[in-house]
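Note that numbering that gives the first Met the number 0 gives residue 0 to position 1 of the sequence shown, counting from 1, and the numbers run on in steps of one. Glycine residues also receive a C-beta, built at the ideal position from the N, C-alpha and C atoms.
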Amino acid sequence: MTNAPTTDRTPRSRRMRKTLAALLLGTTVLTGPFLIANPPHAVAAPAATQLQDAPASFADLAAKVTPAVVNVSTTQEAKVERGNPRMPNFPPGSPFEEFFRQFQDQFGQGQGPDQEGDQQEAQPRGKMGSLGSGFIVDPSGYVVTNNHVIDGAQEITVTLQDGTALPATLVGRDAKTDIALLKVKSEKPLPSLEWGDSDAARVGDWVMAVGNPFGLGGTVTKGIISARGRDIHSGPYDDYLQLDAAINRGNSGGPTFGMDGRIIGINTAIYSPNGGSVGIGFAIPSNLAKEVVAQLKDNGHVERGWLGVKIQEVSPDIAETVGMSQSKGALVAEVTPNSPAAKAGLHQGDVILSYGGKPVDTLRDLTRRVAETKAGDTVNMTVMRHGKETTVAANIAPLPADQQMASNEAAPAENSAIETVKGLKLAPLDKAARARLGLDENVKGVVVTSVSPKAGDVPVRPGDVIVKVGDRSVTSPSDVTKSLTEAEKDGRKAVLLLVNRGGSESFVPLKLGHA
């Protein structure tokens with residue numbers, strides 16, 4: 000009887016199972032051709048934690064929320080457009096018009112951030128259509144979408160997940176945040192969604208986006224929050240969540256969800272060189288959106304607070320000139336006459352450091368907080384003025400339809416000779432100069448006629464009007480020379496100039512000590 004060859008099948012099988020288990024748990028490392036389980040120097044716990052935190056599937060979440068996500072389609076009169084065929088047809092004043100043009104100028108034709116709600120449908124002659132997305136926030140039939148999805152629409156139709164098409168009416172819209180609220184009638188309560196807390200969302204958190212890209216029907220994509228507080232220069236209240244979840248044209252107005260199934264954003268824009276998703280999408284944060292939606296539901300429009308100042312960023316150079324150790328806050332460049340700011344005693348050159356007890360680190364901090372303030376409320380602001388902090392109380396007014404810009408009230412310019420100081424050739428602002436620059440009689444100051452190459456990198460250019468040097472209004476070239484000379488004698492390294500460029504005033508820092 001021949002003995003069968005002996006094998007070590009059971010122990011080998013066990014070893015293989017152990018190795019496979021270690022691989023799945025993230026506790027093995029690959030070193031050359033060898034797999035070494037649990038090496039003493041390996042740091043494997045974070046990988047295991049990541050696997051445990053990652054959702055095994057988004058199916059339950061998708062099944063829970065998608066019934067309340069809808070398709071929004073519109074029809075409107077067709078317009079024949081000339082020019083770049085790749086450029087979306089932005090309505091006048093659209094918050095994305097300027098942003099798209101900036102990218103188009105920078106990168107060339109057909110590139111830039113797109114609105115995802117402009118998919119064209121075949122329509123009878125004289126009509127055009129668009130497809131976008133939306134979501135139901137109230138069982139009675141209130142639907143949220145983007146303003147640019149329905150802008151100019153003559154007819155709006157909301158299609159539910161089961162294919163039911165319902166005519167919709169426009170309750171209200173807000174172009175500045177690109178949000179619109181619709182209403183549909185239904186014989187039964189509709190599935191609806193809840194708002195989440197976008198302030199609690201962190202960079203790296205999982206998100207799921209739902210929409211109707213390309214008119215294909217409800218589509219789910221997943222990703223993470225790539226960044227917070229993005230300013231894409233679409234409007235004064237930019238505070239976008241940046242996502243890497245695939246968002247395409249037609250997703251506009253669709254919701255972005257956290258893992259609890261609550262809405263943390265509204266899909267609104269993408270950056271795309273080719274018209275498709277490249278993993279850079281932007282969503283309106285829910286905490287901003289829900290306040291806008293509430294006002295649209297109650298009033299049909301959004302009422303915002305108004306302070307009455309034009310502000311600019313505090314650069315490191317500006318911070319140094321006003322005696323600040325950090326570049327933060329909002330520098331007041333103009334104060335509108337008879338505005339809440341003027342009545343409160345705010346001055347050009349003030350730096351607003353806090354508003355209503357909350358710090359103002361960036362310009363957007365101030366614009367958002369003023370906008371959210373109810374008309375009639377009195378708000379205390381901490382202001383840096385002449386190197387010292389002071390408190391100013393302003394009674395906030397409702398934002399007027401047409402905001403009157405501030406004008407300088409300095410004395411008329413004197414007929415003084417042309418002078419050159421710090422490489423800047425200066426001349427009086429006479430009638431000929433006003434006509435050439437397109438400036439009215441309200442603008443006072445001194446014209447920069449040329450800049451010498453020896454001046455170096457200066458923040459002014461020919462055609463600028465210097466209105467103030469520091470806190471002193473200037474009406475002649477000699478005023479500018481005198482103020483700069485005194486600043487140098489005081490040992491200052493830079494001085495703030497208030498400059499009017501094309502009718503708009505802003506502060507710029509001029510470094511001293513050069514020719």
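Would you mind stating whether residue i and residue j have Cβ atoms separated by less than 8 Å?
i      : j      : result
Arg229 : Tyr239 : yes
Ala244 : Val206 : yes
Val170 : Lys182 : yes
Ser132 : Gly252 : yes
Thr176 : Ile283 : yes
Val420 : Val479 : yes
Pro190 : Pro66  : yes
Ile224 : Arg201 : yes
Val507 : Val459 : yes
Leu306 : Gly328 : no
Val473 : Gly444 : yes
Pro476 : Ala426 : yes
Thr372 : Gly264 : no
Val378 : Gly355 : yes
Asn266 : Asn250 : yes
Can you tell me the Cα-Cα spacing of residue i and residue j, whole angstroms?
i      : j      : result
Ala121 : Phe256 : Reliability fails at Ala121, whose pLDDT of 45 lies under 50, so the model's placement of it is uncertain and no value is given.
Thr220 : Met258 : 13 Å
Gln347 : Val334 : 7 Å
Ala293 : Gly195 : 14 Å
Pro138 : Asp364 : 34 Å
Phe134 : Val69  : 6 Å
Ala405 : Glu193 : Its pLDDT being 26, under 50, Ala405 is placed unreliably by the model, and the measurement read from it follows with that caveat. If I take the Cα positions, the gap works out to 43 Å.
Val442 : Asn499 : 8 Å
Ser482 : Ala374 : 41 Å
Leu398 : Val301 : 10 Å
Leu436 : Gly322 : 34 Å
Val143 : Glu319 : 46 Å
Lys357 : Gly210 : 36 Å
Leu509 : Leu496 : 7 Å
Lys63  : Phe57  : 10 Å
Glu487 : Ile269 : 49 Å
Asn145 : Gly162 : 21 Å
Ala55  : Ala208 : 17 Å
Ala164 : Tyr141 : 15 Å
Gly222 : Leu242 : 7 Å
Pro315 : Ser324 : 8 Å
Gln160 : Leu130 : 15 Å
Ala288 : Ala61  : 22 Å
Glu115 : Ser338 : Residue confidence is low: Glu115 scores 47 on pLDDT, short of 50, so the model does not pin down where it sits. No coordinate-derived value is stated.
Ile262 : Ser185 : 23 Å
Leu22  : Val382 : Since pLDDT at Leu22 reaches only 31, below the 50 mark, its modelled position is unreliable, and no value is offered.
Val157 : Ala199 : 31 Å
Asp59  : Gly260 : 10 Å
By Cβ distance, which residues of its chain are closer than 8 Å to residue i, with the 5 residues on each side in sequence left out?
i      : result
Ile155 : Val71, Ser72, Thr73, Ile149, Pro166, Ala167, Thr168, Leu169 and Leu181
Lys342 : Ala393 and Asn394
Asn567 : No statement about residue 567 is possible, as the shown extent of the chain runs from 0 to 514 and does not include it.
Which same chain residues, not among the five before or five after residue i, have their C-beta less than 6 Å away from its C-beta?
i      : result
Ala432 : Val446
Met380 : Ile351, Tyr354 and Val391
Asp463 : Val447, Val498 and Arg500
Pro39  : Confidence at Pro39 is low in this model, with a pLDDT of 39, below 50, so the placement of that residue is unreliable and no value is reported for it.
Asp376 : Ile395
Lys424 : Thr448 and Ser449
Gly280 : Leu242, Ile246 and Ile269
Lys309 : Ala332 and Glu333
Gly203 : Ile223
State the beta-bridge partners of residue i as determined by DSSP.
i      : result
Met383 : Val350 and Glu388
Glu371 : Paired residue(s): none; Glu371 is not in a bridge.
Pro518 : A query on residue 518 cannot be resolved here, the shown segment of the chain reaching from 0 to 514 and no further.
Gln311 : Leu330
Ala67  : Looking at the DSSP assignment, Ala67 forms no beta bridge with any residue, so it has no partner.
Ile417 : Its beta-bridge partners do not exist; DSSP assigns none.
Ile283 : Ile265
Ser72  : Leu130 and Thr156
Phe506 : Leu497
Ala393 : Val378
Ser324 : Bridge partners of Ser324: none, in fact.
Within its chain, find whatever has a CB closer than 7 Å to the CB of residue i; leave out the 5 residues flanking it on each side and keep chain order.
i      : result
Ser505 : Gln311, Ala332 and Val498
Val291 : Asp173, Thr176, Ile178 and Val301
Lys296 : Tyr141, Val170 and Leu180
Val359 : Gly328, Ala329, Ile351, Leu352, Ser353 and Leu365
Val136 : Val143, Ser191, Leu192 and Val292
Could you tell me which uninterrupted beta strand (DSSP E) segments, each at least 3 residues in length, are contained entirely in the stretch 164-243, listed from first to last along the chain? 164-173, 178-183, 205-210, 218-229 and 239-242
Those runs of the beta strand (DSSP E) which lie wholly inside the stretch 468-504 and span at least 3 residues: 493-500
Unbroken alpha helix (DSSP H) runs of length 4 or more, entirely within the stretch 127-163: which are they? 146-149
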